[in-house]
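Converting from the sequence shown to the numbering used here requires adding 58 to each position, the first position being numbered 1. The structure appears right after this line, and notes come after that.
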Amino acid sequence: MQPQSYQSDKIAISTAKTSTSSAAESSPGCYLIVHNVSKRHNIGTLVRSAAAFSVTEVCLVGARQFNTFGSHGSADYVNYRHFPSLQECCHYLKQDKGCRIMGVEIAEDAQPIHAHPFSGPTAFMLGNEGSGLSPQQVQLCDAFVYIPQYGAGTASLNVTVAASIVLQHFAAWAGYAERPRSGAKYDVGERPPRTGARGTVPLTEEERAAERERRLKKKAAANGHDVLQGSDGPLLDDLMDAAEEE
C-alpha cells in the first residue's frame, strides 16, 4: 500500500530543531516505542537508528533517563516523549497521532517486513531481547511484522539490528528523502541545542506547570497560607517569583 498525505506532527517536547529528519511534511510519521529493553546500552543504539531513519519521536516508557552509550552523538538529533506507562504511550500514539501500533515479533499472524503492510503513521513496538513481546505488549498491538531469516545459525536478531531493518523499510515505503552524502558518509546536520541533561527526557509544559503548582503549594503551606488554583494577588505573585528563582 502506498503512503497517503499527512500533516506534519507538532512535536511538543524535546524537539531537535535542526534535526536529521528529512521526512516530507506530507509523509506519514514513524514512531519507536522503547519499553522492556533489558540491556540499557541497547537504547543508545536504538536512538542512533532512529536518527538515521528519521523517526518522528522515540517514546520512552518508564524511566525518564536513558543510557546514550552507542548513540555516537546522535541522541541530540532525536525527538523524545516520556510516558509513565505503556497504556498511556499507546493511547497518545493512537488518539493524538493516528498511529497503528505494529509489534516486531515472529508471530503466527505477522507479515514479512518486506511486504510493507503499512497504511499511515506507524509506531513500532520492540520486544525484550530474551523473551520478546510481553502479553501486555501483544494486547496493545494492532498488527505484527517479522524479519525473514535464511540462515540456520540463530533463532532471532538483536533488538537493535531488528529495529534498524524495520525502520529502514518504513522510511523507504513512506518516501523519506535520502540524506546527501560526502564521500563514504552521510552528511550530518547542525547539532541542535540541547534542551535538558544528556540522556534525560525534559519535562513537557504541562509537567512543568504541575511541578510549579506543587512547589507553590508547598511554599504556601510552609508559610501557613492556602493558595487556590487559579487565584491571583501579591502572595501568589511572590511565590511564583520565588519558585522561578530556584
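No residue lacks a Cβ here, since even glycine has one placed at the ideal position from N, Cα and C.
* Which two residues bound the contiguous beta strand (DSSP E) that contains His140? -> Tyr138 to Phe141
* To do: Only counting runs of 4 or more residues, tell me where the alpha helix (DSSP H) segments fall wholly within the stretch 97 to 140, in order along the chain.
  => 99 to 110
* To the nearest angstrom, how far is it from the Cα of Gly188 to the Cα of Gly282? -> 54 Å
* Asked: Assuming Gln123 and Gly257 make a contact with CB atoms under 8 Å, what is their CB distance in whole Å?
  -> 6 Å
* With a cut-off of 8 Å, do at least 3 Cβ pairs link the stretch 127 to 143 to the stretch 186 to 204? -> no
* **Extent of the continuous alpha helix (DSSP H) run through Arg158** => Run containing Arg158: none in the alpha helix (DSSP H); it sits in the beta strand (DSSP E), Arg158 to Val162.
* Pull up the distance between the alpha-carbon of Ser112 and that of Ala278, whole angstroms please. => 46 Å
* Looking at the unbroken beta strand (DSSP E) that takes in Phe182, where does it start and where does it end? -> Thr180 to Leu184
* **the stretch 148 to 164 touching the stretch 175 to 186, judged by at least three CB pairs closer than 8 Å** => yes
* Enumerate in chain order the residues of its own chain whose CB-to-CB distance from Gln313 is below 8 Å, with the five nearest sequence positions on each side excluded. => Residue 313 falls outside the range modelled here, since the chain spans only 59 to 304, and no answer is possible.
* To do: Give the secondary structure of Thr258 by DSSP, where H, G and I count as helix, E and B as strand, and everything else as coil.
  => strand
* To do: Return the Cβ separation of Val217 and Gln169 in integer angstroms, given the expectation that the two are a contact with Cβ distance under 8 Å.
  => No, Val217 and Gln169 are not in contact; Cβ-Cβ is about 19 Å, not under 8 Å.
* **Bridge-paired residues (DSSP) for Ile91** => Cys117 and Met183
* Residue from Ala110, Glu263 and Pro251 whose Cα sits closest to the Cα of Arg239 -> Ala110
* Nearest-angstrom Cα distance between Val119 and His99? -> 16 Å
* Rounded C-alpha distance that separates Asp167 from Lys97 -> 28 Å
* To do: Within the same chain, show all residues whose beta-carbon is closer than 6 Å to that of Ile164, passing over the 5 residues directly before and after it, in chain order.
  => Tyr204
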